[in-house]
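Scroll down for the structure; my scribbles are underneath it.
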């Protein structure tokens with residue numbers, strides 16, 4: 001119960017002198033670490049999803065006037081980078097249930113923290129969907145004539161959740177999501193590998209955003225590259241409640257479960273491939289310039305934030 005006691009710690013209001021200036025201390029601050037992590041994860045997910053869904057809404061309702069498919073890819077890539085800036089130092093800014101699950105499997109996040117991360121991500125995604133619906137309410141209804149549909153020429157449910165292309169079968173779509181999420185986690189693990197080519201800490205948000213952009217422009221056409229169960233299911237539930245109805249779960253031959261199940265599978269496989277093909281084979285000692293130098297510790301012992309972030 002220690003995690004849920006003394007959530008806020010009161011302090012005496014006071015003033016301290018610092019280099020001749022007055023610094024007023026706050027009366028209260030958030031003390032409980034679990035609450036801090038949950039709030040940061042929720043807010044980073046909200047920021048990422050708001051910008052990401054907003055880019056889709058602008059393209060769809062603008063009918064090509066305010067952007068095209070590349071705009072969506074750029075929007076989500078930059079949205080992920082902004083989300084990392086918001087919560088990266090507090091929660092790691094996973095913003096992705098598949099990332100959180102994979103981090104637990106590889107012992108980089110305690111299993112008891114998984115429910116907190118998933119709940120925060122779901123809440124952030126749901127609130128972002130509601131916000132974008134409110135912002136684009138009139139544009140959406142003007143575009144579709146007030147007829148909220150999931151499929152068809154004027155379908156708008158795809159603004160919020162992902163749906164497969166008409167030619168895509170469930171089996172092919174499942175593999176598509178496994179592969180996309182696998183590449184995501186494989187590259188994230190590589191970016192944080194201190195024995196390989198790790199990126200500087202200050203470059204992490206940009207690198208992760210570029211990775212999501214790369215996945216979007218190379219693997220996005222089949223099913224919208226959800227690669228994130230919490231990103232997809234929360235807005236889908238919102239659309240079901242907001243007027244699109246239960247068709248959001250029936251469309252695509254019951255597609256809704258694929259972006260919910262396939263990304264965690266792909267995440268573990270991708271991270272496992274990197275570990276099995278690269279990380280486990282790093283030498284403890286390597287010869288460089290005629291001298292024996294000690295390598296970095298194994299990847300799963302590192303705490304580099306980059307491996308903990310993603311869309």
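Residue numbers (UniProt numbering): 1 to 311.
All C-beta atoms in this analysis are idealised placements derived from N, C-alpha and C, irrespective of residue type, glycine included.
Bounding residues of the alpha helix (DSSP H) (the contiguous stretch that carries residue i)
i: residue 270; result: 258 to 277
i: residue 41; result: 33 to 62
i: residue 108; result: Here residue 108 belongs to no alpha helix (DSSP H), and DSSP marks it neither H nor E.
i: residue 86; result: 69 to 87
i: residue 348; result: The displayed coordinates of the chain run from 1 to 311. Any statement about residue 348 would go beyond what the structure contains.
i: residue 201; result: Run containing residue 201: none; DSSP gives neither H nor E here.
i: residue 249; result: 247 to 254
i: residue 237; result: 229 to 239
Inter-residue Cα distance where the pair is residue i and residue j
i: residue 190; j: residue 141; result: 44 Å
i: residue 248; j: residue 193; result: 40 Å
i: residue 233; j: residue 132; result: 16 Å
i: residue 242; j: residue 97; result: 24 Å
i: residue 215; j: residue 184; result: 8 Å
i: residue 65; j: residue 154; result: 16 Å
i: residue 274; j: residue 258; result: 24 Å
i: residue 220; j: residue 29; result: 43 Å
i: residue 60; j: residue 143; result: 8 Å
i: residue 253; j: residue 224; result: 16 Å
i: residue 188; j: residue 162; result: 23 Å
Residues near residue i in its chain [Cβ-Cβ closer than 8 Å; skip 5 each side]
i: residue 178; result: 262, 263, 265, 266, 269
i: residue 278; result: 190, 193, 196
i: residue 101; result: 114, 264, 267, 268
Nonlocal neighbours in the same chain, by C-beta distance under 6 Å from residue i, ignoring five residues either side
i: residue 47; result: 82, 83, 86
Supposed contact pair residue j and residue i - C-beta distance, whole angstroms, cut 8 Å
i: residue 37; j: residue 127; result: So it is not a contact: roughly 18 Å between Cβ atoms.
i: residue 157; j: residue 239; result: 5 Å
i: residue 222; j: residue 168; result: 5 Å
i: residue 121; j: residue 45; result: 5 Å
i: residue 118; j: residue 230; result: 6 Å
i: residue 53; j: residue 235; result: 7 Å
Proximal residues to residue i (C-beta, below 7 Å), its chain only, five neighbours per side dropped
i: residue 301; result: Reliability of the predicted coordinates at residue 301 is poor, the pLDDT of 39 falling under 50, and the value obtained from them is presented with this limitation in mind. For residue 301, where only same-chain residues beyond five positions count, there are no Cβ hits under 7 Å.
i: residue 151; result: 251
i: residue 109; result: 100, 103
The ligand ATP heavy atom lying under 6 Å from the CB of residue i
i: residue 180; result: The model depicted lacks the ligand ATP and carries no ligand whatsoever.
- Query: In chain order, which continuous runs of the alpha helix (DSSP H) of length 4 or greater are located wholly inside the segment 113 to 199?
  - Reply: Taking only runs of at least 4 residues, the alpha helix (DSSP H) segments lying wholly in the segment 113 to 199 are 114 to 135, 137 to 144, 170 to 191.
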